[in-house]
Amino acid sequence: MAGVNNRVKSTNDLELKDRLVAINRVTKVTKGGRTFSFAAIVVVGNEDGIVGWGLGKAGEVTTAIAKGVEAAKKNLIKVPVHKGTIPHEQLAKFGGAQVLIKPASHGTGVKAGGAMRAVLESVGITDVLAKSKGSSNPHNLVKATIAALNELRSPLAVAQNRGISVEKVFRG
């Protein structure tokens, strides 16, 4: 079910909160010495099923973060959040990063590592089990987590697709 179209068009009426995932200092050696620049990965979300990520690069940290936030607002996706958790288990890969996210019962909390935690909390998921397998590179982890969330299908969508009631989806 790759490539589900969950894109969010307008950002005007959304209260987006941004979270900084990682800052990378890049050094370029020139004949005049070293030149530093910064790359910031930022995740934005309204904590109600909408999330996006962005990468900002600049000579200063604050500018890099601001650019990251702007980039993140341009690629937002809608995620089905079902009673504070996700509707079903999902596995996704991006580059060397592989992530597994599982629904959890109420009161579990967000059991996830750094980069994944930022994405899951920005979506508004309160209870989830997550495991990062493979690379721990924050760039690829964020992308893999968002890919996993993008492939999630809501019980309503599954019911409509199969032409059955939502209750039947849960009963099997």
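For the sequence shown, the UniProt record's numbering begins at 1 and goes up steadily by one. Note that beta-carbon positions come from the ideal geometry of N, C-alpha and C, so glycine has one too.
Cβ neighbours of residue i in the same chain (closer than 8 Å, five flanking residues each side left out)
i, result
"N6", "I77, K78, V79, N150"
"D127", "G84, T85, P103, A104, S105, H106, G107, T108, G109, V110"
"P138", "V21, A22, I41, G114, A115"
"K73", "T11, L16, V44, G52, G54"
Residue(s) in a DSSP beta bridge with residue i
i, result
"I23", "A40"
"F94", "A97"
"H82", "T85"
"T35", "K28"
"I50", "K78"
"K133", "Q98"
"R7", "I77"
"D127", "DSSP lists no partner for D127."
"P103", "V128"
"K67", "In DSSP, K67 forms no bridge with anything."
"residue 175", "The chain is shown only over 1 to 172; residue 175 falls outside these bounds and no answer can be derived."
"G45", "K17, V51"
"V110", "V128"
Residue i, buried or exposed, once every other Cβ within 10 Å from all chains shown has been counted against 16
i, result
"residue 175", "Lying outside 1 to 172, the shown extent of the chain, residue 175 is not represented and no answer is given."
"L156", "exposed"
"R34", "exposed"
"S132", "buried"
"R171", "exposed"
"V69", "buried"
"R117", "buried"
"I101", "buried"
"S136", "exposed"
"V81", "buried"
"G32", "exposed"
"G96", "exposed"
"I125", "buried"
"S165", "exposed"
Assumed close pair residue i, residue j - CB separation to whole angstroms, cut-off 8 Å
i, j, result
"V51", "D18", "At roughly 11 Å, the Cβ-Cβ gap does not stay under 8 Å, so V51 and D18 are not in contact."
"A130", "L141", "That belief does not hold up - the Cβ atoms of A130 and L141 are roughly 10 Å apart, past 8 Å."
"Q98", "G134", "4 Å"
"F36", "T27", "6 Å"
Own chain, CB closer than 7 Å to residue i, minus 5 neighbours either side, in chain order
i, result
"F94", "N140, K143, A144, A147"
"A71", "G54, L55, G56"
"V8", "I50, L76, I77, K78"
"V169", "P155, V158, A159"
6 Å CB neighbourhood of residue i in its chain, flanking five on each side removed
i, result
"S122", "R19, V43, G45, V51"
"A40", "I23, G56, A64, I65, G68"
"E89", "K102"
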